[in-house]
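Chains as they are written, first to last, in this note's numbering: chain P, 83 to 194; chain V, 1255 to 1367.
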Amino acid sequence: AQSVSQHNHHVILSEAASLELGCNYSYGGTVNLFWYVQYPGQHLQLLLKYFSGDPLVKGIKGFEAEFIKSKFSFNLRKPSVQWSDTAEYFCAVKDYGQNFVFGPGTRLSVLP
Amino acid sequence: DAGVIQSPRHEVTEMGQEVTLRCKPISGHDYLFWYRQTMMRGLELLIYFNNNVPIDDSGMPEDRFSAKMPNASFSTLKIQPSEPRDSAVYFCASSSTGGYGYTFGSGTRLTVV
């Protein structure tokens, strides 16, 4: 079965620092890839998604992610984080049907 | 569209009591998912439905948990009897065939004391 790993459990950054959160999935074939964000006390919201085409995907709030098929990776990036980006970030993969497999999440804390 | 609607937002109950969580998916979505989120185990898929039919319930932890979807606009997740280890946030999500991701509800925070 598909599995998703996220490299960091907790990342702490200062405002204006650059962010990269790692995500790897376990096997290839055709996959759809997603990043979700969960702000404190809220539900998961879609940040961005990759289905096909340009492997560099732009999402909301200045986030982007790059799909590297050879590395089974879909890392999330943002050039300059803000305090309001403090949240938990989940990578997810959909490879068949409608079932998503979520990673364990990475908690991001941005210090003002 | 009001999005995926879950009720109640918070539920505190005593061990041994029956708990029913409710979900209204987005109109037109033909898939509905129930997830449980805890600090220890993260997001776990409990069960999902397609066109009101349960497709995969392998994530349902034990017989105390049951889920139904009597029609396209309503689903319930029932725990009977509840135990303290069931304390978690339960999310419902819906999606459509060929759609581009789940839409999550706001969740129900369940505390069993």
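Ideal placement from N, C-alpha and C gives every residue a C-beta, glycine not left out.
Bear in mind that the values here come from a model prediction, so they are computed numbers and not experimental data.
- Within the same chain, Cβ atoms closer than 6 Å to the Cβ of Q127 (chain P) are found at V119, the five residues on either side in sequence being excluded.
- In this structure I1301 (chain V) does not touch K1278 (chain V) by the C-beta definition: roughly 17 Å separates them, more than the 8 Å allowed.
- Short of 8 Å from the beta carbon of V1273 (chain V), and not among the five residues preceding or following it, lie these beta carbons of its own chain, in chain order: E1265, T1267, K1332, I1333, Q1334, S1336, D1340, L1364, V1366.
- Residue range 155-160 is occupied by the beta strand (DSSP E) that includes R159 (chain P).
- If you ignore the 5 residues before and after F182 (chain P), its C-beta comes within less than 6 Å of the C-beta of A174, K176, all in its own chain and listed in chain order.
- Taking every protein chain shown into account, the CB of Q88 (chain P) has 16 or more other CB atoms within 10 angstroms, so this residue is buried.
- Rounded to whole angstroms, the gap between the alpha carbons of Y1285 (chain V) and I150 (chain P) is 29 Å.
- Secondary structure at D1310 (chain V): strand, using DSSP grouped into helix, strand and coil.
- The CB of D1317 (chain V) never comes closer than 9 Å to any CB in chain P; the least such distance is about 22 Å.
- Nearest neighbour of E1298 (chain V) by Cα position, chosen from P:L190, P:P194, P:L193, P:G185, turns out to be P:G185.
- Straight across, the Cα-Cα distance linking M1314 (chain V) with N1306 (chain V) is about 17 Å.
- The beta carbon of G1361 (chain V) sits closer than 7 Å to the beta carbons of Q1260, V1343, Y1344, F1345 from its chain, once the five residues preceding and following it are set aside; these are given in chain order.
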